[in-house]
Amino acid sequence: MESAVAGVVRSLGASLKNLGLYPTTHPLVRTPVEKCHAELAPFFTDRSELVLTVSDGTLVLEGVPIFQLTSSLELFMARLGTIGLPAVIFERGVSVEDIELFVRFLHETREQGVPIPEIKSRLARWGVTHIRVTATEDEENDDFTLAREIYGSALNVVVRALKDVRNGKTPDGAESDRVVREMSGMVSRNRDAMLALTLIKNFDEYTYNHSVNVSVLSLAVGETLGLSESERIGVGVAGLLHDVGKTQLALDLIRKPGTLTVDEFEEIKKHPEEGFAILGKMTHIQDSTRAVVREHHMRFDRTGYPRPDPEHRMNAHSYVIAVADCYDALTTMRSYQKARTPQQALEIMRKLAGKSLDPDLVELMERSLGVYPVGTMVRLNTMEVAVVTGTPDGGKGEPKVAILFDRSGNPLPAPQGVDLKEPDPSSGRPRRMILGTVNPLMHPPVSISGILQAVSF
Ligand SMILES: [Fe+2]
Ligand SMILES: [Fe+2]
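Position in the sequence shown (first residue = 1) + 47 = our numbering.
Have a look at this one:
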């Protein structure tokens, strides 16, 4: 056992070391990965996962410490330590591709002490599906960390589902159901923490983040609407999988910037029906969820696609997905479009009310996100620039904010949470007020992700 264990890790180390010297496709990088894959296989005959940890400076695989360190093993351990990865879990079904991507991740990640939820979401975006990472004991458990974990696993589920479809397999509906339940629980527990994550837009992997964001936003709307638990899950799953039919389209068509030709648009228009067919093969999918996926582009005025028959009765939840879909698309920067602020997005959506969107839902969305949605950058009467970190209780009153830039425009060393109700001792009136929103692009040093990590929810 011990030598088999050492072999697995040695192969990983060798590949990582050679990756520093040769390109990914070079046999000296590729062969050890294949060897590691072959060496892992026998372990999975009697267990479903294999845990690799670094404990007190020793590499431990399945409880077996590896003492015979070679230079490549040392490098491997050092990379895990620097990135801040205390435990790596290989799951049954791990592929050569998973291992290859994981080694590349270790090689290319240059930051130190990356938070675990961030590592999880990066691995998910890279398409690593059967290698998990976890923190050991003393993991922080504040709501934002928890929300990030949940968001990360939702991303993972989407990546896996789309990959399955591309490979001609039917995705596991139980996974979508489970992760949407987790997100729904988190939306009820701390809606701001969960909504804040929808602002971390990832330009490269638009479809994955977009799917999770639409699910989160639909869950938030669903909660405000007072939907039952099972209705909320149905809507959340529809959000998560609404664009699953796009996997049948050519990738360059999905990513194409600018206007589409008539033929290309005809192709795009097939994705709701394709999605409907895919969901029909999956387990744990409610009938209404399937219907919603089919109807998500039909539009409120029924002029969308696929064009509904005059007697067709649309599912009310299809309109929920439509507003969430629209909001997320507008607030994301794409190759052909700049990202709009949440306020600009809502303004555009007000114009679409009654046409493509349900007017009541546009209003409800505005109410549910607040006048200043979480993540909006605002200017205060003190000329300081702050970011909204929380909606006011009950939707009325002042939002929670954290100051990012002082009155001269210099960034503060760390975001500073302030209470907008705090009175000015001389006048008795609030010291700070929001004057209006600020375009975040005017402040390039701002990393929403960094801010959200630094402020508490
Ligand atoms: Fe769509
Ligand atoms: Fe979409």
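Just so it is clear, CB atoms sit at the ideal spot from N, CA and C, and this is done for glycine as well.
In DSSP terms, what Lys447 is bridged to
Partner(s): Gly437.
Neighbourhood of ligand 2 [Cβ distance below 5 Å to any heavy atom], ordered by chain position
Any residue whose Cβ sits closer than 5 Å to a heavy atom of ligand 2 makes the list: Asp290 and Asp372.
Could you pull out every residue in the same chain whose Cβ sits closer than 8 Å to the Cβ of Gly292, ignoring the five residues on either side in sequence?
Result list for Gly292: Lys317, His318, Pro319, Glu320, Glu321, Gly322, Phe323, Ala324, Ile325 and Val340, in chain order.
Can you tell me whether Arg354 is buried or exposed, with buried defined as 16 or more other CB within 10 angstroms of its CB?
By the Cβ neighbour-count rule, Arg354 is exposed, with fewer than 16 other Cβ atoms within 10 Å of its own.
Is it buried or exposed, Ala285, if we count other Cβ atoms within 10 angstroms and call 16 or more buried?
Burial call: buried.
Is the stretch 369-376 touching the stretch 385-398 in the sense that three or more CB pairs, one from each, lie closer than 8 Å?
Three or more beta-carbon pairs separated by less than 8 Å link the stretch 385-398 to the stretch 369-376, which places the two stretches in contact.
Whose C-alpha, out of Leu127, Glu165 and Thr294, is nearest the C-alpha of His154?
For His154, the nearest C-alpha among the options comes from Leu127.
Please work out which residues of its chain come closer than 6 Å, Cβ to Cβ, to Glu229, disregarding the five sequence neighbours upstream and downstream, and give them in chain order.
For Glu229, where only same-chain residues beyond five positions count, the Cβ hits under 6 Å are Ile197.
Is it the case that the Cβ atoms of Arg179 and Ile136 are separated by a distance below 7 Å?
Contact flag set, yes.
Bridge partner(s) assigned by DSSP for Ser415
Bridge partners of Ser415: none, in fact.
Helix, strand or coil for Phe312 per DSSP?
Note: Phe312 maps to helix in three-state DSSP.
So, at 6 Å on beta carbons, what are the nonlocal neighbours of His257 in its own chain, with the 5 sequence-adjacent residues on each side left out?
Once the five neighbours on either side are set aside, the close Cβ partners of His257 are Asp375.
Between the alpha carbons of Ile4 and Gly281, how many angstroms are there, rounded?
There is no way to answer for residue 4, as the model of the chain reaches only from 48 to 504.
Tell me Pro112's beta-bridge partners as DSSP assigns them.
Pro112 is bridged to Val107.
Three-state secondary structure assigned by DSSP to Arg179:
Residue state, collapsed to three classes: strand.
Identify, in the order they occur along the chain, each residue of the same chain with its Cβ nearer than 7 Å to the Cβ of Gln390, setting aside the five sequence neighbours on each side.
Correct list, in chain order: Thr423 and Thr484.
Where the beta strand (DSSP E) containing Leu99 begins and where it ends
It spans Glu96 to Ser102 - the beta strand (DSSP E) in which Leu99 sits, taken as one unbroken run.
What span of residues does the alpha helix (DSSP H) with Arg426 cover, start to end?
In the DSSP assignment, Arg426 falls outside any alpha helix (DSSP H) and within the unbroken beta strand (DSSP E) covering Met424 to Leu427.
Note down the Cα distance separating Val107 from Thr245, rounded to an integer number of angstroms.
So the alpha carbons of these two residues sit roughly 37 Å apart.
By the DSSP assignment, the alpha helix (DSSP H) with Pro164 in it spans what residues?
Unbroken alpha helix (DSSP H) run through Pro164: Ile163 to Trp173.
Report the three-state DSSP secondary structure of Asp185 (helix, strand or coil).
Low local confidence applies: a pLDDT of 41 at Asp185 is under 50, so the model's placement there is unreliable, with the coordinate-based value given in what follows. In the structure shown, Asp185 sits in coil (DSSP, three-state: anything other than H, G, I, E or B).
Pairwise C-alpha distance: Thr71 and Asp185:
At Asp185 the pLDDT is 41, less than 50, meaning the model places this residue with poor confidence; the figure from the coordinates comes in the next sentence. Straight-line measurement puts the Cα of Thr71 at about 35 Å from the Cα of Asp185.
Hey, how far is the Cα of Leu377 from the Cα of Val263?
One C-alpha to the other measures close to 16 Å.
With distances taken Cα to Cα, identify the nearest neighbour of Arg387 among Pro420, Gly456, Val80 and Asp407.
The option with the nearest alpha carbon to Arg387 is Pro420.
Counting only the same chain and skipping the five closest in sequence on each side, list residues whose C-beta sits under 6 Å from that of Leu193.
Within the same chain, and ignoring the five residues on either side of Leu193 in sequence, no residue has its Cβ closer than 6 Å to its Cβ.
With H, G and I counted as helix, E and B as strand and the rest as coil, what does DSSP make of Pro406?
Per DSSP, reduced to three states, the secondary structure at Pro406 is helical.
Can you tell me whether DSSP reads Glu321 as helix, strand or coil?
In the displayed model, Glu321 falls within a helix according to three-state DSSP.
Rounded to whole angstroms, what is the Cα-Cα separation between Ser231 and Arg337?
So the two alpha carbons sit approximately 19 Å from each other.
Please name the residue or residues paired with Gln463 in a DSSP beta bridge.
Beta-bridge pairing links Gln463 to Ile450.
With a Cβ-Cβ cutoff of 7 Å, do Val101 and Pro133 count as a contact?
In terms of Cβ geometry, Val101 and Pro133 form a close pair [threshold 7 Å].
Between which two residues does the beta strand (DSSP E) containing Glu138 stretch?
Here the beta strand (DSSP E) through Glu138 covers Ala134 to Glu138.
Pull up the distance between the alpha-carbon of Asn486 and that of Gly174, whole angstroms please.
Each residue's Cα considered, the two are about 33 Å apart.
Among Gly215, Thr254 and Ala267, which residue has its Cα nearest to the Cα of Ala240?
Between Ala240 and the set Gly215, Thr254 and Ala267, the nearest pair of CA atoms involves Ala267.
Cα-Cα separation, Leu307 to Asp290:
Answer to the nearest angstrom: the Cα atoms are 18 Å apart.
Runs of beta strand (DSSP E) wholly within the stretch 212-285 (minimum 3 residues, chain order):
Listed in chain order, nothing qualifies, since the stretch 212-285 has no complete beta strand (DSSP E) run of 3 or more residues.
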